[in-house]
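J.: Chains as they are written, first to last, in this note's numbering: chain A, 1 to 702; chain B, 703 to 1404.
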């Protein structure tokens, strides 16, 4: 049994702080628990005693007759610690603290919350809240909230929320929407139980078909990814993540750091976990409705059936914006459509049956489209039909939709004229939308859920030899890890030991030393200023390419020394790095960063000095999966270009993927590293590898 | 008087084809005209005669007693031509043809429509339709449609639509939305009257506060821009343009052509005309509602007032996505908020009053925020308050909102618990939204409308000297204008005559000729393959930079000749262009194209060979306004970079603007030119100019 089950399916519940005063939350909680139809025992506790809703009010927790699964605490914050102790003594191992006035209200509340947390741990009590509306389960049934009854209708959508007010608002809102909730979980301050804890038990509930999340922030990012990945294997998970504007970006030394941001990390984490991200509260539930009521589609080809051109073309536009395909019909389908539709009708997608279309014509056409092997989903559009009743169209649609396993959704546009039609669709669990654009957005969620369920989540790792690993370890230990750059030659060594192909750097602090290195490497060579404090070397003219003789190296050394020396800080000394000149290839940037919530992430995109301006960059959780690597390469121009473009030949994308895997493993293996950036990584023609030309690395601040 | 006024405010109307059969449209039209409360005379014509709605059915148009302003034709298509003649004979100069079965239904219908068009022109009859639902004006009142009565409530939003079905659906839909229409115009096949014709008369109507457009395509782009620009000076105009997916992009030879597309042109045209583009039908009306009921804000600083954190942070996120600012409150405001709110409340934006907030607290806080000089607009959020009735909050909001000129919008989240509250807001003309994100989107439309009203629409043109103009004319006339490239040296000449700074090209077809040009221009020079059939010269290695001696020029000529000759088509001959080597500067692309709907457009962005991949490009209608040029430079990375970035010094943005103005005028003055592309335009440091290094031009196909 899942250890959290008593929160959702308890056998007995006690309301601690039940009140006879209708203005108190303790009254509402008692009212809702009793009114919810809960089938187990319900006890009410209030030190004043008396009778409430025809039940005796017990004067203390001690008076409870025997084992109670779940305690609902509605007493003032100051009394909560002692209440928790009493619960523990009585063997109550699951508690929802509904009361507010804890961490969210300031220092005093935070201290009480810390005390409660300590007590709960000592007593082995699991806690939801405080400062929440608790749990509502329409199937158990159970209602620990104080929201005005009745409960919403029993449904297939679970809603897990960091905001109790939003939970309350949505519990009310769905009553006007024709669908219901399976479960609502308001997590409040998450003193103990978090979103990650409730994900799996909720996904495993047979009454839940789809999970919706409203998230403000996640504490343990890796736990979330793990639990959400498991959940999304079986049930679609949708998330609205807010707080983008509130979270400032940490100042960062590299491009990678500047471009990464909390929101980027959340996007990458959701992608990894198979969680669909939505942009608005409404979108969350519009999509959930379709996921609750439709079977997963086999592919993304949509047929549009309409009695008017305008709404049809609006829907067709929306397909393109939602990365869905307009289905192409078979000749047989077109022939049969022609038999039943007037001459002026459009037999191609979108099928415009014209305003004269009767309910029977709607039904017959829908049947033809649903049977076409080139169609995976159907959207039926009905502006108020001038000559027929919308509800008669509904009846026809329902009959056909029940016979097919392909998703059928509807957009009945209007108000009074389509009211009864919409009601019938809702009752038959056909997802309907006021506007075709919302319907198409919902279809895209169906297709995305089908794709997510099939993703292979195997992480790709690179294991360097034990010798290499201990050498890296020794190199890192020798550094001062204070957030500043690790010296370029050390960085170069670490990357090489990690298995990356690096154009190594040799340090020289005299013209003669530079020439000797150049001869050793073989001409042509590159000279780069070798002063650690100078990180954007090209900005100061600190890189000289294509030196092809001893004399050129000597002259360049002296010229660079003359230019840079006045810029040196006290204690800095001039020197250069000599590097073999890279061959001609495509230049990309790869990098890695450690996110405070989600840990190691890797980055790929268009490099050069303009990387921050062009923003042709994508991030992934590290180590990456094959799907993550596909995403990085398919969603950047830098990645697409590796396949060949104009004068750029097809390049070694495999070597780029390999380098990204190695960076990911390096980050995972060595938590001392904060950021890595390779800019450029020069990618040669297919099969010829990819070479790190310039790399920077910072250690993690202690 | 506006010549189209009889369509909206006729003094008498005749329904031609009025029918006693309730299944016929002619019945619905007669029913609606009579039921609409129209104050003028209504005549009904049907050859069968008899009585309908207690009125006599005249047997023919000839029987009409005297002048009639507006004829509504509901007879079958074949009878429409003779009906039009009869209308003309009787002096009816305005006609709405509601019947379908014309151009939209095939060849026969198209012929009838053409005949009708001819007759209407001959008789001087203005026509709306055919194949439409006509006009509904709630203030006249007038209802020429056959939509199920009653009319929607009288409102401030005008809706002009290319889709009759969408008009019908929205007429029904608004009945459930608590707002109304001033006027709905369904244009059908636009045999005569188009969207551009009705824009101004509708904007000038005192009952209309905002115009909403549903557009499938526009025939005369320049007329639309002209009329919409005038309309949007006084009334906000919102447009939904559909048909993106249907319109294929014309194959084009240049980057400019490949990146331009019908949708890009519409976007640029809307921007020029001060028309706000929306993405969905719902968004069209959600924004229109706020524009109808709020005064224009002075700036874009929004205060959020909420009784719960979650919806507040959701709204704050939406501000950022909608390019609005979160207002920063004065110390005075914060002090006074602190006096009335509990300690745990958040006094900064978003103001979270906590769940205990009473209606009076809502009112008092709203008043403080509305009075703060740092606040331009206020969004009030109310999830169902646990202890109070939502309608009491409404009453408080309404009282304060009536006292301030600053826009106040609301999001009451829920269903049954907020129903009465929402009703009161609607009745008081406070724009309310189910979700905070929609409310913020509406606020952004208010701000955009304020900005649009202030735009200076003066087009910037460059007038070359008469001599230059006739020289350009002569050069163009000498070309075969068949859609292929105009030779590079001619292109170069034309651009120079237009006032652009061009690094001129000199053609040579021998090594000696090349050397002679190089000496004439001065070293270093560039050599480019000079074969017209080869357009992407860098793709074939056809550009050699930085030649600094006679010998280098000679050798390069021979090497290039050897490489290119095998690639030549029959009839092509090898040659090169010699050009002065450009100084180091920022490289951008500028271009121009002639759009089939909107005519000349200019383009600006990041150039190079990767221009199509990076898509850092924006288009504007040409000639551009100063506002258009600002847009191009502010909305591209290439433009932002001109202000200086890392090793790039601040560049001569003024020279880029000047070059764009000149390209725009060249396109406007010479309709023979189809496309121009300058890639790169090298932009020197500020004050040092911008030079066209490589340019291509195509003539218009006859």
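Where a beta carbon is used, it is the ideal one built from N, C-alpha and C, also for glycine.
1) Note down the Cα distance separating residue 205 of chain A from residue 5 of chain A, rounded to an integer number of angstroms.
2) Tell me, please, which residues DSSP counts as bridged to residue 381 of chain A.
3) Inspect the CB distances between the region 393-406 of chain A and the region 322-340 of chain A and report whether three or more fall short of 8 Å.
4) Listed in chain order, which residues of the region 849-864 of chain B have Cβ atoms closer than 9 Å to some Cβ of chain A?
5) What distance in whole Å lies between the Cβ atoms of residue 292 of chain A and residue 156 of chain A, which are believed to be in contact at a cut-off of 8 Å?
6) Does the CB of residue 1249 of chain B have a neighbour CB from chain A at under 8 Å?
7) Strictly below 7 Å CB to CB, what residues from chain B border residue 413 of chain A?
8) Please list, in chain order, all residues of the same chain as residue 1316 of chain B whose beta carbon is under 7 Å from its beta carbon, the five residues on each side excluded.
9) For residue 127 of chain A and residue 95 of chain A, which I take to be in contact (beta-carbon distance under 8 Å), what is that distance rounded to the nearest angstrom?
10) Can you find a CB in chain A that lies within less than 8 Å of the CB of residue 1119 of chain B?
11) Can you look up residue 966 of chain B in the DSSP assignment and give me helix, strand or coil?
12) Determine the DSSP secondary structure at residue 1230 of chain B, reduced to helix, strand or coil.
13) Helix, strand or coil: how does DSSP classify residue 432 of chain A here?
14) Give the interface partners of residue 982 of chain B over in chain A, defined as CB-CB distance under 7 Å, in chain order.
15) Does the beta carbon of residue 641 of chain A come closer than 8 Å to any beta carbon on chain B?
16) Is it true that the CB of residue 747 of chain B sits closer than 8 Å to the CB of residue 763 of chain B?
17) Could you compute how far the alpha carbon of residue 1311 of chain B sits from the alpha carbon of residue 165 of chain A?
18) Tell me which same chain residues have a C-beta within less than 8 Å of the C-beta of residue 685 of chain A, skipping the five on either side of it?
19) Any idea which residues DSSP pairs residue 625 of chain A with across the strands?
20) Could you compute how far the alpha carbon of residue 1089 of chain B sits from the alpha carbon of residue 142 of chain A?
21) Let me make sure I understand the geometry here. Which of B:1389, B:972 and B:767 has the alpha-carbon closest to that of residue 792 of chain B?
22) So who's on the other strand from residue 1204 of chain B, going by DSSP bridges?
23) Given residue 234 of chain A, which residues of its chain have a CB within under 7 Å of its CB, disregarding the five upstream and five downstream residues?
24) How about residue 637 of chain A: is its C-beta nearer than 8 Å to some C-beta of chain B?
25) I'd like to know whether the C-beta atoms of residue 1266 of chain B and residue 1216 of chain B end up nearer to each other than 8 Å.
26) Is residue 279 of chain A helix, strand or coil when you go by DSSP?
27) Going along the chain, which residues of the region 290-316 of chain A sit with their C-beta nearer than 8 Å to a C-beta in chain D?
28) Report the residues of the region 806-821 of chain B with a CB closer than 8 Å to any CB of chain A, ordered along the chain.
29) Here's the rule: buried if 16 or more other CB atoms are within 10 angstroms of the residue's CB, otherwise exposed. What is residue 698 of chain A?
30) Are any of the Cβ atoms in chain A nearer than 8 Å to that of residue 1194 of chain B?
31) Does DSSP classify residue 1289 of chain B as helix, strand or coil?
32) By the DSSP assignment, the alpha helix (DSSP H) with residue 1061 of chain B in it spans what residues?
33) Show which residues of chain A have a CB atom less than 7 Å away from the CB atom of residue 1057 of chain B.
34) Per DSSP, residue 139 of chain A is paired with what?
35) Could you name the residues that DSSP lists as bridge partners for residue 301 of chain A?
36) Looking only at its own chain, which residues have a Cβ that is under 7 Å from the Cβ of residue 789 of chain B, when we skip the five neighbours before and after it?
T.: According to the data block:
1) 10 Å
2) A:306 and A:411
3) no
4) 849, 850, 863 and 864
5) 4 Å
6) no
7) 871 and 875
8) 1308
9) 5 Å
10) yes
11) helix
12) strand
13) strand
14) 435 and 437
15) yes
16) yes
17) 53 Å
18) 585, 649, 650, 651 and 652
19) A:459
20) 22 Å
21) B:767
22) B:1394
23) 203
24) yes
25) no
26) coil
27) Here the protein chains are A and B, and chain D is not one of them.
28) 806, 807, 808 and 811
29) buried
30) no
31) strand
32) 1061-1073
33) 165
34) In DSSP, residue 139 of chain A forms no bridge with anything.
35) A:325
36) 763, 773, 797 and 827
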